[in-house]
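Engineer:
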Amino acid sequence: MTQSTSATEQSHYRICPLCEACCGLEVRTQGEKIISIRGAEQDVFSHGYICPKGVSLKDLHEDPDRLRTPLIKRDGQFVEASWEEAFAEIHKRLPPLIEAHGGDTVGCIVGNPVAHKIGLLAYFPRLVRAIGTRNIFSASSLDQIPKQLSSGLMFGDWNAVAVPDIERTDFMLILGANPMVSNGSLWTVPDYRGKARAMRERGGRIVVVDPRRTETAAQADMHLPIKPGGDAFFLLGLVHTFFAENWVRLGHLEPHLAGLNALREAVQPFNPERMAPGCGIDAATQRSIARQLAQATRAVVYGRIGTCTQRFGTINSWLVDVLNVLTGNLDREGGAMFTKAAAFAVNTSGTPGQGRGVITGRRHSRVSKAPEVFGEFPITCLAEEIETPGPGQIKALICIGSNPVLSTPQGPRIAKALSSLSFMLSLDIYLNETSRHADVILPGLSPLEDVHYDIAFPQFSYRNHARFSGAVFAKPPGQPEEWQTLLRLADIIQGKPEAPLAGPEQGPEALIDQALRAGPYGLTLDQVKAAPGGIDLGALQSRMPEMLRTPSGKIELAPPMVLADLAHVEAALDTAPEGMLLIGRRDVRSGNSWMHNLPVLAKGPERCTLLIHPQDAARLGLAQGALAQLSAQGTTLSAPVDISEDMMPGVVSLPHGWGHDLPGSQMQVAARRPGVNLNALLSDSARDPLSGNAVLSGVPVQVSAMA
Ligand code: SF4
Numbered sequence: 019m020t021q022s023t024s025a026t027e028q029s030h031y032r033i034c035p036l037c038e039a040c041c042g043l044e045v046r047t048q049g050e051k052i053i054s055i056r057g058a059e060q061d062v063f064s065h066g067y068i069c070p071k072g073v074s075l076k077d078l079h080e081d082p083d084r085l086r087t088p089l090i091k092r093d094g095q096f097v098e099a100s101w102e103e104a105f106a107e108i109h110k111r112l113p114p115l116i117e118a119h120g121g122d123t124v125g126c127i128v129g130n131p132v133a134h135k136i137g138l139l140a141y142f143p144r145l146v147r148a149i150g151t152r153n154i155f156s157a158s159s160l161d162q163i164p165k166q167l168s169s170g171l172m173f174g175d176w177n178a179v180a181v182p183d184i185e186r187t188d189f190m191l192i193l194g195a196n197p198m199v200s201n202g203s204l205w206t207v208p209d210y211r212g213k214a215r216a217m218r219e220r221g222g223r224i225v226v227v228d229p230r231r232t233e234t235a236a237q238a239d240m241h242l243p244i245k246p247g248g249d250a251f252f253l254l255g256l257v258h259t260f261f262a263e264n265w266v267r268l269g270h271l272e273p274h275l276a277g278l279n280a281l282r283e284a285v286q287p288f289n290p291e292r293m294a295p296g297c298g299i300d301a302a303t304q305r306s307i308a309r310q311l312a313q314a315t316r317a318v319v320y321g322r323i324g325t326c327t328q329r330f331g332t333i334n335s336w337l338v339d340v341l342n343v344l345t346g347n348l349d350r351e352g353g354a355m356f357t358k359a360a361a362f363a364v365n366t367s368g369t370p371g372q373g374r375g376v377i378t379g380r381r382h383s384r385v386s387k388a389p390e391v392f393g394e395f396p397i398t399c400l401a402e403e404i405e406t407p408g409p410g411q412i413k414a415l416i417c418i419g420s421n422p423v424l425s426t427p428q429g430p431r432i433a434k435a436l437s438s439l440s441f442m443l444s445l446d447i448y449l450n451e452t453s454r455h456a457d458v459i460l461p462g463l464s465p466l467e468d469v470h471y472d473i474a475f476p477q478f479s480y481r482n483h484a485r486f487s488g489a490v491f492a493k494p495p496g497q498p499e500e501w502q503t504l505l506r507l508a509d510i511i512q513g514k515p516e517a518p519l520a521g522p523e524q525g526p527e528a529l530i531d532q533a534l535r536a537g538p539y540g541l542t543l544d545q546v547k548a549a550p551g552g553i554d555l556g557a558l559q560s561r562m563p564e565m566l567r568t569p570s571g572k573i574e575l576a577p578p579m580v581l582a583d584l585a586h587v588e589a590a591l592d593t594a595p596e597g598m599l600l601i602g603r604r605d606v607r608s609g610n611s612w613m614h615n616l617p618v619l620a621k622g623p624e625r626c627t628l629l630i631h632p633q634d635a636a637r638l639g640l641a642q643g644a645l646a647q648l649s650a651q652g653t654t655l656s657a658p659v660d661i662s663e664d665m666m667p668g669v670v671s672l673p674h675g676w677g678h679d680l681p682g683s684q685m686q687v688a689a690r691r692p693g694v695n696l697n698a699l700l701s702d703s704a705r706d707p708l709s710g711n712a713v714l715s716g717v718p719v720q721v722s723a724m725a
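If you're matching positions, the sequence shown starts at 19 in the numbering used here and goes up one per residue.
1) Less than 7 Å between the beta carbons of ASP83 and MET685, yes or no?
2) Is the segment 172 to 181 touching the segment 352 to 365, taking contact as three or more C-beta pairs under 8 Å?
3) Near GLY372, what residues of its chain come up, given a Cβ to Cβ distance below 6 Å and the 5 sequence neighbours on each side ignored?
4) For VAL199, I'd like the list of residues in its chain whose CB is within less than 8 Å of its CB, leaving aside the five on either flank, ordered along the chain.
5) Bridge partners of LEU344, per DSSP?
6) Which of helix, strand or coil does DSSP assign to ASP554?
7) Please return the same chain residues whose Cβ sits closer than 7 Å to the Cβ of ILE661, not counting the five positions on each side in sequence.
8) Let's see if you can read the secondary structure: which residues bound the beta strand (DSSP E) around SER444?
9) Can you name the residues that DSSP bridges to GLU574?
10) Could you spell out the range, first to last residue, of the beta strand (DSSP E) harbouring PRO396?
11) Taking any heavy atom of the ligand SF4 as the mark, which residues have a C-beta closer than 6 Å to it, listed down the chain?
12) Report the option in VAL694, THR378, TYR480, PRO396 whose CA atom is closest to the CA atom of MET12.
13) From ALA39 to ALA238, what distance separates their C-alpha atoms?
14) Specify the secondary structure class of GLY324 as computed by DSSP and reduced to three states.
15) Ends of the beta strand (DSSP E) at HIS30?
16) In terms of residue numbering, what span does the alpha helix (DSSP H) encompassing ARG535 cover?
17) Does DSSP put GLY120 in a helix, a strand or coil?
18) Which residue wins for smallest C-alpha separation from LEU591, given the options ASN482, GLY248, LEU505, ALA314?
19) What would DSSP say about GLY296, mapped onto helix, strand or coil?
20) Check whether the segment 117 to 137 and the segment 152 to 161 touch, using three or more Cβ-Cβ pairs below 8 Å as the test.
21) Going by Cα to Cα distance, which pick from LEU75, ALA106, ASP77 is closest to ILE90?
22) Name the DSSP beta bridge partners of CYS417, please?
23) Excluding sequence positions up to five away, which residues of its chain have a Cβ less than 6 Å from the Cβ of ILE412?
24) With the cut-off set at 7 Å, would you say ALA401 and ILE432 are in Cβ contact?
25) Should PRO536 go down as buried or exposed, given a rule of 16 or more other Cβ atoms within 10 Å for buried?
26) Classify MET565 as helix, strand or coil using the three-state DSSP reduction.
27) Residues in the same chain with beta-carbon distance under 7 Å from ILE307, minus the five sequence neighbours each way, listed in chain order, please.
28) So for PRO70, helix, strand or coil by DSSP?
29) Tell me which residues share the same chain as ARG86 and place their Cβ nearer than 7 Å to its Cβ, disregarding the 5 neighbours each side in the sequence.
30) To which residues of the same chain is CYS399 closer than 7 Å at the C-beta, ignoring the five residues directly before and after it?
31) Helix, strand or coil: how does DSSP classify SER367 here?
32) I think ARG567 touches ASP349, with their Cβ atoms under 8 Å apart; what is that distance to the nearest whole Å?
33) Quick one: residues in its chain with C-beta nearer than 7 Å to the C-beta of ILE299, no 5 flanking neighbours on either side, listed in chain order?
34) Three-state secondary structure (DSSP) at GLY375?
35) Where does the unbroken alpha helix (DSSP H) through LYS547 begin, and where does it stop?
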């Protein structure tokens, strides 16, 4: 939506693509200049809210480091090239590799910015089909796949994630999430702060379970520090209590449940007394939290990244929804509810109430034998799949909006593996720590040059809505749309290098219109475009049983693969990790590693610091601002110490996505304060075996003062 407010100034509406909150922005421009970016008051979903990252879209659009021309590596140096030259280079080098070694020789990896670009998200599968590769990796196996797996097993659809109905709940138990900073994750909830405040003003209570007193915990009624990695013990203690105390109240869910008896039996060994040492929360407190959940008129349990990035990520994610079921609060106002998205949702298509469900392990990775989950292998398998010779070895890589050298455990190993590839293509907006290894880099568009409709996030939203963003600026002359680039690559791989770029009839707008018309509200794209600030489709409604897509048509409370993994929870009770435990953290001015190159976000205090409790700092002889040495996995790095009462004793925190001091990347602002790469300390063989998600939380690390 574009409105002229004077002869030369214009006001444009744009959904912010920088995080999952999807706030509506008003971008004011004068010619090619951005005058201001603010929250769009008329936005039906975010009502004018904006966080500091939103205004950084101006810096991103204007960043001199942002790539605007394809680059080809010649004799070890990148040189600028035309689009046709770049496509010709790809044609020369990629199809012969596929011909010689098969489709699996090409690995494909997508980063999370792809989820905010309809042209990439909707058209990437066509490129994969053209290549015929099974070697697909994404950022999902770094943070969210356990929740998608548990939701898929219970409700039959990978994206059927139940979200807190924050505007109507009375009690919220939050584990491993910091929505005060993130505005939700797998829960699209702009202005969490305002909604949490309103909740508490009407008498609601919020309890936060986290090893750190996060910004969310600081604003809550209660903060319970938990041992990193101990969430499964705590949640099992709660579920056990519900059965032991006869507090289970299933309400309207009762006819739609399968596996209740198997669940009751499976949790028998996990009484709160046994669970207390593993989670660091005593039995009385576990029972008290369970009682508060049981007694609240309307309650919800929400767990996110901290609960997913553990050995028992899938079990944690499952137990969160088990509690929502046992309290009778799943699919109920004020509980954990299911969005009804206007388009692109599996759980609004096909036969209501029944489906094929989800399965994993249709194939396994070549080296670690990790099962495929949601069509992907764990991203922590990437390096070994490149390094290990044999049929199916990855010799070429297509990397789209992803920076695994900084964002994935054992990033330095990945960097070395990338440098051994026969060919690498990056689609990226920066020459960064990963794309520096590419042979060809194709630049993406600035988000302000792109149309957009969110496919994923309306499926996790606190309220139903439909919104569309037009392009604010015309794209650079000669540059294809991103979806056209993907289709052109598919043509090249399929032996049609001279095929013209696809026309608009194959583009995202036609796709969106089709999906909206087929969706549950029967909308058209023209209707959505005509609504300034989008169309509000109302508060979440009870959707049981029509939203279910399990083969049984029931909520599966006891998925066999999850119950089988409980034996490992028992075994883990006796194997407490030694030493200090490392966790990550989220900063309101950071999300993706490239945000460290945006001046408006990079200014202010140092962010890549090691948070440590005063007792630990004193014991280790660490002073505020001094450098601490961290060692794990044979790697040692140093970070400035930030002593904080917010940390649980025995736990240290370092943010991830840093380490911008590698040669060959071109991110000048980020390089001035590079920080250190947390992922260098993390193991790439530590995973949740069910989902393949990397273990990023609660990793043992040696901490000492710098000599
Ligand atoms: S909360 Fe997220 S979507 Fe909203 S303005 Fe900030 S970065 Fe953009």
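The C-beta atom is built at its ideal place from N, Cα and C for all residues, glycine as well.
Given the structure is predicted, the values throughout are model-derived calculations rather than measurements.
Structural biologist: Taking the coordinates as given:
1) Result yes, Cβ atoms of ASP83 and MET685 sit closer than 7 Å.
2) yes
3) Note that residue 372 corresponds to Gln in the displayed sequence, not to Gly. Excluding residues within five positions, the ones whose Cβ falls inside 6 Å are GLY571.
4) Contacts found: THR232, GLU233, THR234, ARG604, ASP605, VAL606.
5) Per DSSP, none; premise fails for LEU344.
6) strand
7) ILE630, PRO632, ALA635, GLN642
8) For SER444, the enclosing beta strand (DSSP E) stretches over residues 441 to 446.
9) ALA276
10) Counting along the chain, PRO396 sits inside no beta strand (DSSP E), nor does DSSP assign it H or E at all.
11) CYS34, LEU36, CYS37, ALA39, CYS40, CYS41, ILE68, CYS69, LYS71, GLY72, ASN201, PRO208
12) Residue coverage of the chain in this structure runs from 19 to 725, which leaves residue 12 outside it and unanswerable.
13) 20 Å
14) helix
15) Following the DSSP letters along the chain, one finds HIS30 inside the beta strand (DSSP E) bounded by residues 27 to 33.
16) Start and end: 526 to 536.
17) coil
18) GLY248
19) Helix.
20) In the pairwise beta carbon analysis, the segment 117 to 137 is classified as touching the segment 152 to 161: at least three pairs are separated by under 8 Å.
21) When each option's Cα is compared against that of ILE90, the closest is ALA106.
22) Answer is ILE127, SER444.
23) Hits under 6 Å: GLY125, ASN153, GLU403, ILE404.
24) Going by C-beta atoms, ALA401 is nearer than 7 Å to ILE432.
25) Note that residue 536 corresponds to Ala in the displayed sequence, not to Pro. Answer is exposed; the Cβ neighbour count stays below 16.
26) coil
27) Contacts found: LEU191, VAL225, LEU256.
28) Helix, per DSSP.
29) PRO461, PRO494
30) SER383, VAL385, SER386, ALA388
31) coil
32) Wrong, their Cβ atoms sit about 14 Å apart, outside the cutoff.
33) LEU242, ILE244, PHE252
34) When secondary structure is reduced to three states using DSSP, GLY375 falls in the coil class, being assigned neither helix nor strand.
35) First-last of the alpha helix (DSSP H) with LYS547: 543 to 547.
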